[in-house]
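Notes for the one structure printed next.
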Amino acid sequence: GLENLKEYLQNNKAVFNNPGIAASHGIDMPAGVMIVGMPGCGKSLTAKCISKEFGVPLLRLDIGRLMGKYVGESEENLRKAIRVAEATTPCILWIDEIEKAFAGLGSGGEVTTRLFGQFLTWMQEKKSAIYVVATANDISNLPPEFLRRGRFDEIFQVRFPNIKEREAIFKIQLEKRNGKRLPDGVDPHALAAMLKDQDNYSGADIESIVKEAMKRAFVDGQRKVTQQDLQEIIRNTKSSYQSQKEKLDKMLEKLNSLGVKPASR
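Take 2 as the starting number for the sequence shown in our numbering and just add one per residue.
So, in structure tokens, the structure goes:
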């Protein structure tokens with residue numbers, strides 16, 4: 002899935018990898034993208050794939066670890082981190098779960114407020130070939146100035162996979178663990194159909210189902226996993242969504258109200 006996001010990134014790759022030619026056509030260096038939405042649906046994996054697709058190193062910025070106990074230490078740590086990124090250009094700078102660092106700003110965190118301002122200024126003014134990829138589950142508490150145009154080129158929302166995407170995830174997970182081919186007699190389409198749309202199984206849920214079924218088959222005589230093994234695990238597995246439905250429904254409602262572009266078609 003994620004066809005809209007993939008197409009968008011391919012266009013940005015063409016500019017990012019040819020900055021001189023793009024500049025001669027009046028095109029600015031891409032700033033970055035924010036990927037938001039449901040947990041376990043491929044946001045972090047996408048950040049890693051962007052690095053491979055663009056052919057540049059991936060750096061992960063953990064904003065929580067920038068915090069220091071002395072006055073000015075946190076801001077200096079951020080400056081050091083930015084210097085490292087700029088010394089590694091071109092590169093992808095991945096900021097995972099960015100909402101945990103900047104959500105609820107203005108509620109008394111003076112250091113966080115200064116870091117936020119410093120980071121926004123850098124994002125706005127940076128000229129180096131650093132493509133920022135920020136991932137977040139819930140953006141409802143992020144400051145509005147962080148989401149406006151100019152910080153990120155685009156914001157995409159990742160939703161729970163549809164039946165076609167679930168089938169592809171089953172196929173990938175099974176082949177990865179079985180010598181790059183499907184186990185005999187296993188039908189990914191039938192497995193995907195067992196997971197109802199309204200139950201909202203994530204990619205991480207599907208991976209967990211496959212891993213558990215293969216472990217059970219191994220323990221039961223070191224045999225190959227079968228369709229029956231997988232179906233039995235599915236019948237006994239609830240999706241992550243079902244265990245936190247109210248919270249995730251609110252997140253979906255917020256994304257819809259903001260008009261965030263869907264990553265999948």
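Ideal Cβ placement from N, Cα and C applies to all residues, glycine included.
Assigned secondary structure, residue i (DSSP; H/G/I helix, E/B strand, else coil)
i	result
Phe161	coil
Lys262	strand
Arg84	helix
Ile131	strand
Ile64	helix
Cys50	helix
Leu121	helix
Val34	strand
Backbone CA spacing between residue i and residue j [nearest angstrom]
i	j	result
Gly33	Asn13	9 Å
Gly109	Gly118	Any reading at Gly109 must be qualified, since the residue scores a pLDDT of 49, below 50, and its modelled position is unreliable; no value is offered.
Arg149	Asp198	32 Å
Glu98	Gly27	33 Å
Val226	Ser244	27 Å
Ile173	Ile234	18 Å
Asn5	Ser209	26 Å
Ser258	Phe103	21 Å
Ser45	Thr136	7 Å
Arg178	Ala194	21 Å
Leu60	Glu54	15 Å
Pair within 9 Å by beta-carbon distance, residue i and residue j
i	j	result
Val16	Val261	no
Pro20	Ala130	yes
Ile207	Ile164	no
Glu146	Leu121	yes
Ala82	Leu67	yes
Cys42	Pro162	yes
Leu183	Leu196	no
Assumed close pair residue i, residue j - CB separation to whole angstroms, cut-off 8 Å
i	j	result
Ala264	Phe157	4 Å
Ser141	Lys255	4 Å
CB contact below 9 Å: residue i versus chain C
i	result
Ile173	Looking at the structure shown, chain C is missing, and only one protein chain is on hand.
Inset, instruction - Counting only runs of 4+ residues fully inside the region 133-206, write out the alpha helix (DSSP H) ranges in chain order. - result: Here the runs fully enclosed are 145-148, 164-177, 189-195.
Inset, instruction - Run through the region 206-246 for me and flag every whole alpha helix (DSSP H) of 4 or more residues, listed as ranges in chain order. - result: Listed in chain order, the complete alpha helix (DSSP H) runs (minimum 4 residues) inside the region 206-246 are 228-236, 241-244.
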